[in-house]
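**Student:** Sharing a structure, written as structure tokens. Questions coming.
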Amino acid sequence: MAKVPVQFRLNGSDRAAFADPADSLLTVLRRGLNDFGPKYGCGQGTCGTCSVLIDGGLRLACLTLAASCEGASIETVSGMADGPNLHPLQTAFMEHFAAQCGFCTPGMLTAAKALLDRNPNPSREDVIDAIAGNICRCTGYEPIIQAILAAARTLPAQRRS
Amino acid sequence: MARYKGRGMASVNYPIGMNLGGDPSQALIHSNPDGKFTVALSAIDLGQGMKQVTRQVAAETLGVPIEDVYVDTADSDTGPHDMGSFASRGTHRMGNAVIAAAREARGVLLEAAAEELEVNAADLVTDGKGNIHVKGAPSRAITVRATAQAAQFKQGKTIAGRGIFLIPLSSVDPETGEMNPNTAFAHACLVADVEVDDETGEVSVLGMSSAYELGRVINPKMVEQQLVGGAWMGISHALYETPEPYYPNPDHGPRDFNEYLMPGPGDLAPYSITILERPAPDGPFGGKGPGEMCANPVLPAVANAVYNAVGVRVNDLPITPEKILRGIRANGGAKPQARRGGAL
Numbered sequence: 009m010a011k012v013p014v015q016f017r018l019n020g021s022d023r024a025a026f027a028d029p030a031d032s033l034l035t036v037l038r039r040g041l042n043d044f045g046p047k048y049g050c051g052q053g054t055c056g057t058c059s060v061l062i063d064g065g066l067r068l069a070c071l072t073l074a075a076s077c078e079g080a081s082i083e084t085v086s087g088m089a090d091g092p093n094l095h096p097l098q099t100a101f102m103e104h105f106a107a108q109c110g111f112c113t114p115g116m117l118t119a120a121k122a123l124l125d126r127n128p129n130p131s132r133e134d135v136i137d138a139i140a141g142n143i144c145r146c147t148g149y150e151p152i153i154q155a156i157l158a159a160a161r162t163l164p165a166q167r168r169s
Numbered sequence: 002m003a004r005y006k007g008r009g010m011a012s013v014n015y016p017i018g019m020n021l022g023g024d025p026s027q028a029l030i031h032s033n034p035d036g037k038f039t040v041a042l043s044a045i046d047l048g049q050g051m052k053q054v055t056r057q058v059a060a061e062t063l064g065v066p067i068e069d070v071y072v073d074t075a076d077s078d079t080g081p082h083d084m085g086s087f088a089s090r091g092t093h094r095m096g097n098a099v100i101a102a103a104r105e106a107r108g109v110l111l112e113a114a115a116e117e118l119e120v121n122a123a124d125l126v127t128d129g130k131g132n133i134h135v136k137g138a139p140s141r142a143i144t145v146r147a148t149a150q151a152a153q154f155k156q157g158k159t160i161a162g163r164g165i166f167l168i169p170l171s172s173v174d175p176e177t178g179e180m181n182p183n184t185a186f187a188h189a190c191l192v193a194d195v196e197v198d199d200e201t202g203e204v205s206v207l208g209m210s211s212a213y214e215l216g217r218v219i220n221p222k223m224v225e226q227q228l229v230g231g232a233w234m235g236i237s238h239a240l241y242e243t244p245e246p247y248y249p250n251p252d253h254g255p256r257d258f259n260e261y262l263m264p265g266p267g268d269l270a271p272y273s274i275t276i277l278e279r280p281a282p283d284g285p286f287g288g289k290g291p292g293e294m295c296a297n298p299v300l301p302a303v304a305n306a307v308y309n310a311v312g313v314r315v316n317d318l319p320i321t322p323e324k325i326l327r328g329i330r331a332n333g334g335a336k337p338q339a340r341r342g343g344a345l
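Line by line, the protein sequences give chains A and B. Read in order, the letters of the first sequence correspond to residues 9 to 169 in our numbering. Read in order, the letters of the second sequence correspond to residues 2 to 345 in our numbering.
Okay, here's the thing in structure tokens:
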């Protein structure tokens, strides 16, 4: 099948790739653009570790056709830190031991960022709801919940009002 | 139709590592010209923290800052031999191998420093901050970095150490059948409180409390992390997970994560943990390590709690609503058992 060109913004930079019309966004990110932040877990939308933000909305990159992202703005976990400065969520994940094997971490961080972007003052139930689509095998979830709540507390006060 | 509460308990006497072939682990340590150390291991970190624990053990034994130790587990083809990361053996076996290697490397490090300072190596101590000095005379000192450079470029010495840990082989006594397959045991006791619905057969874990005796806890946060995550996995094994629900009949097996059931972040039970430290005589700084026993006592404790709640003894895992309802029906109704240990 003929390849089609796809252009979108990836973590603030204009990027372009040639993709098979049936390629998922995850395939293009990992194989075409060398962004290995989002992981390939189940490949069928049930584990959440490929989660990315497309125009601010939480999406599963393994179930999103790359060609449908033309002109979109995509954020992955790779763009979360500001240079050497980690995002408050990343710092909180480290401080609360919210990762063990780390395979779910990109999706957890992305789902958590989507939550804090729309609700800077979440309740425990809001956090549980936000990560309900992400499977973790190691941590028992509790350290992840604690890390996200802690990150929310470090956000500037005006964002939480 | 009602919901019945029940409490179950389980204790575990848990062997660390195994015995076959002495269960060896090897470690190699060498210094780089900048005075930092590389530890080569072939066992890998699965997320349990083996790299961090062996790094702490190496730094403590070498007498250098933890930042100056790098643990390399890159390649089991070219690294020193190891049986692997399983059987809850990481802290104990690899930790001991790392101590042996670090002791040898420290000996060479102090000899090289002694040559530079023109003193006896036996009189030297490390301050753990990257310096070596004469005991009682901190001004008579040399940095680990300068020592490594002198060894490398002047003395022609390799600051390195080899370590292996092997437990004594245990053969079976032909008269009694007795053997001693293990040298270190960890221990735990766990209490689970559940609620069982006799109409749906569903079990909710209301809460758990445990006490774990793990020898010296080398990294307390990582121990807590393993225990919390392991307990979740124990609940998952006890109540949800199975690839073959009607084994050996392969029908109705799950095909993906939608059908392979596991508790999610909304199904967590409050869990309180008490850590007891009884250092193991042959453990690295007395450590044994948690490992698989984080999950183990949860399963029998939940099974006992289900029996306590409705009088149904389920002997095969997972304890599904179907099995509980069949048991309740066979008993002619829920049969709550006597409970000890106060209110749930």
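Heads up, the beta-carbon is just placed ideally off N, CA and C, and yes, glycines get one too.
1) Suppose you measure from the CA of Glu260 (chain B) to the CA of Pro130 (chain A); what does that come to, to the nearest Å?
2) Where Ser169 (chain A) and Val197 (chain B) are concerned, what is the direct C-alpha to C-alpha distance, given to the nearest angstrom?
3) Evaluate contact between the segment 245 to 265 of chain B and the segment 78 to 98 of chain B, counting only Cβ atoms and requiring at least three cross-stretch pairs below 8 Å.
4) Is there a Cβ from chain A that is less than 8 Å from the Cβ of Phe87 (chain B)?
5) Is it buried or exposed, Asp194 (chain B), if we count other Cβ atoms within 10 angstroms and call 16 or more buried?
6) Measure from the C-beta of Gly267 (chain B) to each C-beta in chain A and report whether the shortest distance is under 8 Å.
7) With H, G and I counted as helix, E and B as strand and the rest as coil, what does DSSP make of Cys190 (chain B)?
8) Helix, strand or coil for Lys37 (chain B) per DSSP?
9) List the residues of chain B whose Cβ lies closer than 7 Å to the Cβ of Pro151 (chain A), in chain order.
10) Could you check what DSSP says for Thr99 (chain A) in three-state terms: helix, strand or coil?
11) Of all Cβ atoms in chain B, is any one closer than 8 Å to the Cβ of Cys50 (chain A)?
12) Given this structure, state the Cα-to-Cα distance separating Arg8 (chain B) from Asn309 (chain B), to the nearest angstrom.
13) Whole angstroms is fine: what's the gap from Gln338 (chain B)'s alpha carbon to Val311 (chain B)'s?
14) Assuming Ala106 (chain A) contacts Thr147 (chain A) under a Cβ cut-off of 8 Å, what Cβ separation, rounded to an integer in Å, is found between them?
15) Quick check: is the beta carbon of Ala193 (chain B) nearer than 8 Å to any beta carbon in chain A?
16) Would you say Ala41 (chain B) touches the ligand HEM, meaning its beta carbon is less than 7 Å from a heavy atom?
17) On the criterion of 16 or more Cβ atoms from any shown chain inside 10 Å, does Phe26 (chain A) qualify as buried, or is it exposed?
18) Skipping 5 residues on each side, what residues in its chain have a beta carbon closer than 6 Å to that of Ser81 (chain A)?
19) Closer than 6 Å by C-beta to Gly115 (chain A): which residues in its own chain qualify, once you throw out the five before and the five after it? Chain order, please.
20) Looking at C-alpha atoms only, which residue of B:Phe166, B:Thr148, B:Asn20 is the closest neighbour of Gly284 (chain B)?
21) Helix or strand or just coil, what does DSSP make of Glu278 (chain B)?
22) Taking the straight line between their C-alpha atoms, what separation do you get for Arg104 (chain B) and Ile276 (chain B)?
23) Using a Cβ-Cβ cut-off of 8 Å, state whether Lys289 (chain B) counts as contacting chain A.
24) For a test of the three-state rule: what should DSSP assign to Val313 (chain B), helix, strand or coil?
25) To the nearest angstrom, how far is the alpha carbon of Asp22 (chain A) from that of Gln15 (chain A)?
26) Could you name the residues of chain A that Gln49 (chain B) contacts, counting a contact when the two beta carbons are closer than 8 Å?
27) In its own chain, which residues sit with a C-beta less than 7 Å from the C-beta of Ser86 (chain A), not counting the 5 before and 5 after it?
28) Should the segment 62 to 77 of chain B be called in touch with the segment 107 to 115 of chain B, which here means at least 3 C-beta pairs below 8 Å?
29) Would you tell me roughly how many angstroms separate the C-alpha atoms of His188 (chain B) and Asn14 (chain B), rounded to the nearest one?
30) With DSSP run on the structure shown, which of helix, strand or coil describes Ser346 (chain B)?
31) Starting from Ser21 (chain A) and walking both ways along the beta strand (DSSP E), at which residues does that stretch end?
32) Would you list the one or two residues that DSSP bridges to Lys6 (chain B)?
33) Per the DSSP calculation, Arg67 (chain A) is bridged to which residue(s)?
34) What does DSSP give as the partner residue(s) for Phe154 (chain B) in the beta ladder?
35) For Phe105 (chain A), return the contacting residues in chain B, with the cut-off set at a CB-CB distance below 8 Å.
36) With a threshold of 8 Å between beta-carbons, can Met263 (chain B) be considered close to chain A, or not?
**Tutor:** By the coordinates alone:
1) 30 Å
2) Residue placement at Ser169 (chain A) cannot be trusted, given a pLDDT of 47 that sits under 50; the coordinates are not used to answer.
3) no
4) no
5) It counts as buried.
6) Chain A contact via Cβ: present.
7) In this structure, DSSP gives Cys190 (chain B) an extended state, which the three-state scheme calls strand.
8) Correct three-state label for Lys37 (chain B): coil.
9) Residues of chain B whose Cβ lies closer than 7 Å to the Cβ of Pro151 (chain A) are, in chain order, Gln226, Val229.
10) Helix at Thr99 (chain A).
11) yes
12) 6 Å
13) 7 Å
14) 6 Å
15) no
16) Only the bare structure without any ligand can be found here, which leaves the ligand HEM out of the picture.
17) Residue burial annotation: Phe26 (chain A) is exposed, with fewer than 16 other C-beta atoms found within 10 angstroms of its C-beta.
18) Exclusion of the five residues before and after Ser81 (chain A) leaves Arg17, Asp63 as the residues of its chain whose Cβ lies within less than 6 Å of its Cβ.
19) A distance below 6 Å between beta-carbons, with the five flanking residues on each side excluded, links Gly115 (chain A) to the following residues of its chain, in chain order: Gly56, Thr57, Ser59, Asn142.
20) B:Phe166
21) coil
22) 29 Å
23) no
24) coil
25) Roughly 7 Å between the two C-alpha positions.
26) Gln108
27) Asn19, Asp43, Gly45
28) Verdict: yes, contact present.
29) 5 Å
30) Nothing about residue 346 (chain B) can be reported from this structure: the residues present for chain B run from 2 to 345 only.
31) 21 to 27
32) B:Glu196
33) Answer is A:Val60, bridged to Arg67 (chain A).
34) The partner list for Phe154 (chain B) (beta bridge, DSSP) is empty, contrary to what the question assumes.
35) Lys222, Met223, Glu225, Gln226
36) yes
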